[in-house]
Every structure is written in C-alpha cells, then in structure tokens.
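Residue numbers (my numbering): 7 to 230.
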C-alpha cells in the first residue's frame, strides 16, 4: 500500500508502483527500489510509492484505485525480470494473460485477453529513448525491451495504458529490473543490481520523462 496520502494544495504527483514477492522469492527488487523514492521530490513533483499484489485482476483494481485517488501526472510500474542485466524500458504491452506459473492467488490463466475486445497491444507513451540516453549517460545499465512477458507485469502494463487512454497528458509505462544481489546468490551467474542503483535509475528515468516532451529518434531496437 502507499505510504503517502495526497494533501490539499500539494504538488503534482508521480505514482511509482512495485510488486509484492512472488514465486519462491522472499522479496521483490522492484518494490525495494520504488519504496526508496517514496516521498521524494523529482522535477517539482511528489513521488508516491505503492505496492501491488502479484495477482491477475486484483492488481489492476488496486492500481486504478491509486490513480483515482492521486490523479498522477506520471505512472511507472516496476517489476522483476530475473535474468536480465539492465533496467528494461518496456515498449509494448500485449492483450493476453498466459501464465507459466500461478499468481499469488493461485490463478493460472492461459491465452486469456486482459480486456475483452481491447486492442491487441498498447505502446508506452513514455519517452523511452530519452530515458535510455539519460540512464546510460549516468552509468546505469539500461535497454529498451520489446516484450514485457505475459505474466502479471504485462497484465498491469496493459491495464495501465488502457486506463490512461482517456486521460490525455498523463504518461505511463513499465520498467523491468534485474534480481537483487541477495536473490542472485541463489542463482549462479545471474546478473543483479543493488536497490540503491535501481532507485537512482528510476529517479533519472522519471526526471527524463518529466523533462522530455518529444522523444528522441535513435536506434534501440532488437534483432530477435
């Protein structure tokens, strides 16, 4: 849950959401990093951190409640992508739930649309190329990713962009992060990043998103 509550006359809000642990992990590095920024000021905006359940359906209901309560200017969800070595700025969310493992409520949907009759996909409306450059300039390992998977992270990413479709001017997207060093000790050769590094990367990414009206046009695609 969020540790901040909106106040009358407060500055504009950036909503950062992480996730509870899932699978056989005791923690979630996305939430560990997001909560380090709770209450921070970035670009004159107040950061509010919230933790979502790793469950299909309920995660979107809670996300919508946070958006309704805060009316944020910018929303970024942050999830774990174990095995990746960089902050992954996700480009696209697809309209399908196809769970390899059950969610934390035991649900395991297969080939189910997230939104019936919704579009096949939504693109992030974050300036992901400008964010990429800012992160790399600061020495934070980063990449543009072409897939957010088909688990709860993609579910939330798609649901977020669907929710924002009628809110012009509000930007949203998703960032995947690597394992934490503690998680990596249980997985030989798995890359990891400390929570403080991820949090700094998120701060830089948020600042770049707030500062950039028109995204950069640079190559950041993938061959496969």
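Even glycine gets a Cβ: it sits at the ideal position worked out from N, Cα and C.
Since the structure is predicted, the reported quantities are computational estimates derived from the model, not experimental observations.
Between residue 212 and residue 73, the C-beta spacing is not below 7 Å. Segment contact: the segment 58-66 against the segment 141-151, fewer than three CB-CB distances shorter than 8 Å; contact not assigned.
Of 136, 189, 110, the smallest CA-CA separation from residue 29 is found for 110.
For residue 24, the uninterrupted beta strand (DSSP E) segment begins and ends at 19-25. If you draw a straight line from the Cα of residue 32 to the Cα of residue 151, it is about 26 Å long. Contact fails between the segment 194-205 and the segment 121-140, because fewer than three Cβ pairs, one in each stretch, are under 8 Å apart.
Boundaries of the alpha helix (DSSP H) harbouring residue 162: 158-170, taken from the DSSP string. Fewer than three pairs of CB atoms, one per stretch, sit closer than 8 Å, so the segment 36-45 makes no contact with the segment 89-105. For the 7 Å CB-CB criterion, residue 133 and residue 218 form a contact. With contacts defined by Cβ atoms closer than 7 Å, residue 168 and residue 121 form a contacting pair.
Cβ contact annotation for residue 216 (same chain, cutoff 6 Å, sequence separation greater than five): 49, in chain order. Within the segment 23-65, the runs of beta strand (DSSP E) at least 3 residues long that lie entirely inside it are, in chain order, 51-58. Counting of Cβ neighbours within 10 angstroms places residue 223 among the exposed residues, the total staying below 16. About 5 Å separates the beta carbon of residue 166 from that of residue 178, a gap short enough to meet the 8 Å contact definition.
With contacts defined as CB atoms closer than 7 Å, residue 53 and residue 86 fail to qualify as a contacting pair.
Membership of residue 141 in the alpha helix (DSSP H) is indicated by the continuous run 134-143. The alpha-carbon separation between residue 221 and residue 125 amounts to approximately 23 Å. Residue environment: residue 229 is assigned as exposed (fewer than 16 neighbouring CB atoms within 10 Å of its CB, all protein chains considered).
In the three-state scheme derived from DSSP, where H, G and I count as helix and E and B as strand, residue 199 is classed as coil. Ranked by Cα distance from residue 107, the options 119, 77, 62, 127 are led by 62. Under the three-state reduction of DSSP, residue 230 is assigned to coil, being neither helix nor strand.
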